[in-house]
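**Student:** Handing you this structure, nothing more for now.
Encoded structure:
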C-alpha cells in the first residue's frame, strides 16, 4: 500500500514538473495532478493494452517508435476524460512532448523514491 501511495504522489509531482516544462501541458493544482495521476493509471491499465494490440503491426514496422504516439494518445485521452479538473493538454504535440518528459521525470522520481524506501 505504501508503494502505491509513493508511486501516486511521485506521478503527481512528475505531472507538475512536466507542466512547467512543456507548453500546452497544463496542470493547475496539486489536487488536479493527483486526479490526473489516477486517471492516467486507469487509462494505462484498461485502454492502453487494447491500443498496443491493435497497433502492433505499425509498432513493429516503425521499430517501436509508434509507442511514443500511443503514449501521447493515452495521455491526451486522460486529459479529455477529466474536463474542468485543472488537467488539460492542448493538442497532440504537447501530448507527445509531455509523454516523453513525463516518462523521464517519473523514472527519476520513482528511482529516488525507491532508494529512500
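Residue numbers (the working numbering): 504 to 620. Built from N, CA and C at the ideal position, the CB exists for glycine as well. These numbers come from a predicted model, not from an experiment.
Which residues share a DSSP beta bridge with residue 649?
**Tutor:** Since the first and last residues shown for the chain are 504 and 620, residue 649 lies out of range.
**Student:** I need the straight-line Cα distance from residue 506 to residue 614, nearest angstrom please.
**Tutor:** When rounded, the distance between both Cα atoms is 12 Å.
**Student:** For residue 553, count neighbouring Cβ atoms within 10 angstroms of its own Cβ and tell me buried if that reaches 16, exposed if not.
**Tutor:** Looking at its Cβ environment, which holds fewer than 16 other Cβ atoms inside 10 Å, residue 553 is exposed.
**Student:** What does a CB cutoff of less than 7 Å around residue 540 pick up in its chain, not counting 5 residues either side in sequence?
**Tutor:** Correct list, in chain order: 511, 514, 515 and 518.
**Student:** By Cβ distance below 7 Å, which residues in the same chain neighbour residue 544 in space, the five residues on each side in sequence not counted?
**Tutor:** No residues qualify anywhere along the chain.
**Student:** Count the CB pairs spanning the segment 597-611 and the segment 521-532 that are closer than 8 Å, and state whether there are at least three.
**Tutor:** Touching, yes.
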